[in-house]
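Going left to right, the sequence shown walks through residues 368 to 513 as our numbering numbers them. C-beta: ideal position from N, C-alpha, C; glycine also.
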Amino acid sequence: MAGKNILVIHGPNLNMLGKREPGIYGSTTLDDINSELVKKASLKDIAIDTFQSNHEGAIVDRIQDAYKKFSGLIINPAAYTHTSVAIRDALLLLDVPIIEVHISNIHKREPFRHHSYVSDIATGQIVGLGVKGYYLALEALSEMLK
Ligand code: CA2
Numbered sequence: 368m369a370g371k372n373i374l375v376i377h378g379p380n381l382n383m384l385g386k387r388e389p390g391i392y393g394s395t396t397l398d399d400i401n402s403e404l405v406k407k408a409s410l411k412d413i414a415i416d417t418f419q420s421n422h423e424g425a426i427v428d429r430i431q432d433a434y435k436k437f438s439g440l441i442i443n444p445a446a447y448t449h450t451s452v453a454i455r456d457a458l459l460l461l462d463v464p465i466i467e468v469h470i471s472n473i474h475k476r477e478p479f480r481h482h483s484y485v486s487d488i489a490t491g492q493i494v495g496l497g498v499k500g501y502y503l504a505l506e507a508l509s510e511m512l513k
């Protein structure tokens with residue numbers, strides 16, 4: 368691992384951002400978020416890799432593959448936040464800072480969204496600030512990695 372690099376993982380259905388339910392998730396697309404992250408990170412000499420999957424096992428594989436290859440992780444596990452012990456266990460293998468991001472405020476929504484399998488093992492959690500949460504997560508990681 369030469370310079371600093373951050374992996375950004377987006378969970379299921381986030382590929383639909385900006386295309387449906389703009390009332391909850393806004394009109395920004397996932398490509399917009401990823402490009403903005405790359406742009407903002409490059410100003411800080413940080414490289415960004417992005418990954419989105421609708422499949423739990425694929426996300427577990429990507430996390431396992433990230434071991435020792437990244438300086439930090441930003442993850443929005445989407446619906447798997449509330450269900451996936453497998454993603455939690457994979458994240459426990461990493462020894463780098465992890466920021467959990469949710470576009471909506473999961474605590475203001477249905478009770479089944481209030482629990483996260485990730486929050487108690489993440490370094491920090493950002494919820495309810497829209498897509499800006501991803502950029503704030505980058506800011507936070509960049510400070511931590513200095
Ligand atoms: O607020 C978030 O970021 C969530 O992680 C989004 C997940 C939801 O299951 C979590 O409880 C909170 C859902 C992502 C679905 O994204 C869509 C985007 C556009 C249209 C439809 C779904």
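Limits of the alpha helix (DSSP H) - the one that residue i falls within
{"i": "Asp432", "result": "423 to 433"}
{"i": "Leu508", "result": "499 to 511"}
{"i": "Gly390", "result": "389 to 392"}
Host beta strand (DSSP E) of residue i (start-end)
{"i": "Ala408", "result": "Where Ala408 is concerned, there is no enclosing beta strand (DSSP E), although the alpha helix (DSSP H) it sits in stretches over 397 to 409."}
{"i": "Leu374", "result": "371 to 377"}
{"i": "Gly439", "result": "439 to 443"}
{"i": "His469", "result": "465 to 469"}
{"i": "Gly491", "result": "491 to 494"}
DSSP three-state assignment for residue i, whether helix, strand or coil
{"i": "Asp416", "result": "strand"}
{"i": "Leu460", "result": "coil"}
{"i": "Val452", "result": "helix"}
{"i": "His474", "result": "helix"}
{"i": "Leu516", "result": "Since the displayed the chain opens at 368 and closes at 513, residue 516 lies outside it and no answer follows."}
{"i": "Tyr447", "result": "helix"}
Residues near residue i by beta carbon distance below 8 Å, same chain, minus five either side
{"i": "Lys386", "result": "Thr396"}
{"i": "Asn401", "result": "Val375, Ile415, Thr417"}
{"i": "Ala445", "result": "His377, Gly378, Pro379, Asn380, Leu381"}
Own chain, CB closer than 6 Å to residue i, minus 5 neighbours either side, in chain order
{"i": "Asp462", "result": "none"}
{"i": "Ser420", "result": "Ile426"}
{"i": "Asn472", "result": "Val494, Gly495"}
Rounded straight-line distance, which links the Cα of residue j to that of residue i
{"i": "Ile470", "j": "Pro389", "result": "11 Å"}
{"i": "Gln431", "j": "His474", "result": "29 Å"}
{"i": "Pro464", "j": "Leu505", "result": "11 Å"}
{"i": "His481", "j": "Lys499", "result": "21 Å"}
{"i": "Ser483", "j": "Thr448", "result": "5 Å"}
{"i": "Phe437", "j": "Arg429", "result": "12 Å"}
{"i": "Glu423", "j": "Leu459", "result": "16 Å"}
{"i": "Arg455", "j": "Ile488", "result": "8 Å"}
Beta-carbon proximity list for residue i, same chain, < 7 Å, skipping 5 on both sides
{"i": "Ala507", "result": "Ile466, Gly491"}
{"i": "Leu503", "result": "Ile493, Leu496"}
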